[in-house]
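In this note's numbering, the protein residues as written are 59 to 255.
Quick reminder that beta carbons are idealized off the backbone N, C-alpha and C, glycines included.
Read the structure below first, then the notes.
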Amino acid sequence: MKHPRYLIASDLHGSALYTRKLVEAFHREEADRLILLGDILYHGPRNDLPEGYAPKEVIALLSPLAERILCVRGNCDAEVDQMVLPFPIMAEYSLLPVDDLTVFITHGHHYNTDNPPPLHRGDVLLHGHTHVPACLHQPGGWWYLNPGSVSLPKEDSPRGYMTLEGGTFYWKTLEGRTWKEAPLFDAPPATTVRQVF
59 MKHPRYLIAS DLHGSALYTR KLVEAFHREE ADRLILLGDI LYHGPRNDLP
109 EGYAPKEVIA LLSPLAERIL CVRGNCDAEV DQMVLPFPIM AEYSLLPVDD
159 LTVFITHGHH YNTDNPPPLH RGDVLLHGHT HVPACLHQPG GWWYLNPGSV
209 SLPKEDSPRG YMTLEGGTFY WKTLEGRTWK EAPLFDAPPA TTVRQVF
């Protein structure tokens, strides 16, 4: 059975320049679905304008992919954004079953490592919000993963995205270079926080 390929991205913040590169990556990766972890159009009051800030262009770039997008609401997303986007963005979270595991998809401003949802050993909490890529194995045996930001990366991380293929997550630059990977079905003991990178 062929596993679907997911491309996962977060925190576009209205940058048409980097959204265009993300859409190119989506096609290059031949992904089945695009999972967006929120903060799609607005840069937010704490961020500078990203390079290529043009929310209307971002709408035009994402609209052709509407039927293939799964999106959750970020702290910078509002009802007015939903009025101009042809795919749902207002859900606080979504659940993605992957084999016997659950990937809990959210933005990260409500559910995060300090306030996790109910998770079981091997499950994944997948969120953006921090603009910093992460792969942390948590007490209790679940994982916290973050793709970083497409347009406003922090802590010297690259602009990028993740892919999920089978049980392995890959972190990639917008140009498609893989720089980290994490197979999640080989979970270590559930007693400590283990930082993979």
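What residue range does the beta strand (DSSP E) around residue i cover?
| i | result |
| --- | --- |
| L194 | A192 to H195 |
| Y76 | Run containing Y76: none in the beta strand (DSSP E); it sits in the alpha helix (DSSP H), A74 to R86. |
| L65 | R63 to A67 |
| Y228 | T226 to T231 |
| W237 | T236 to P241 |
| N204 | W201 to N204 |
Residue j and residue i - do their beta-carbons sit closer together than 8 Å?
| i | j | result |
| --- | --- | --- |
| T171 | Y202 | yes |
| Y219 | A67 | yes |
| I98 | G132 | yes |
| H168 | G186 | no |
| V182 | V161 | yes |
| A89 | L65 | yes |
| L143 | F84 | no |
| L70 | L232 | no |
| R91 | G234 | no |
| L222 | W200 | no |
Pick out whichever of the options has its Cα sitting closest to the Cα of residue i.
| i | options | result |
| --- | --- | --- |
| I163 | P205, C134, Q196 and F145 | P205 |
| L210 | R104, K60, H85 and G224 | R104 |
| L128 | H189, M148, L194 and D214 | M148 |
| P191 | R179, E213, H178 and W200 | E213 |
| K238 | C193, R63 and E125 | C193 |
| R217 | K114, S207 and P174 | S207 |
| Y100 | L242, Q140 and D157 | Q140 |
| G102 | T188, G224 and R63 | T188 |
| P62 | T77, P155, D135 and G96 | P155 |
| V116 | T236, T77, P174 and G224 | T77 |
| G180 | D158, R126 and E125 | D158 |
The alpha helix (DSSP H) spanning residue i covers which residue range?
| i | result |
| --- | --- |
| V138 | E137 to V142 |
Between the segment 105-116 and the segment 220-239, do at least 3 Cβ pairs fall closer than 8 Å? Taking 8 Å as the limit for Cβ pairs, the verdict is that the segment 220-239 does not touch the segment 105-116.
Runs of 3 residues minimum, wholly inside the segment 90-165: which ones carry the beta strand (DSSP E) assignment? The qualifying runs are 91-94, 127-129, 151-156 and 159-164.
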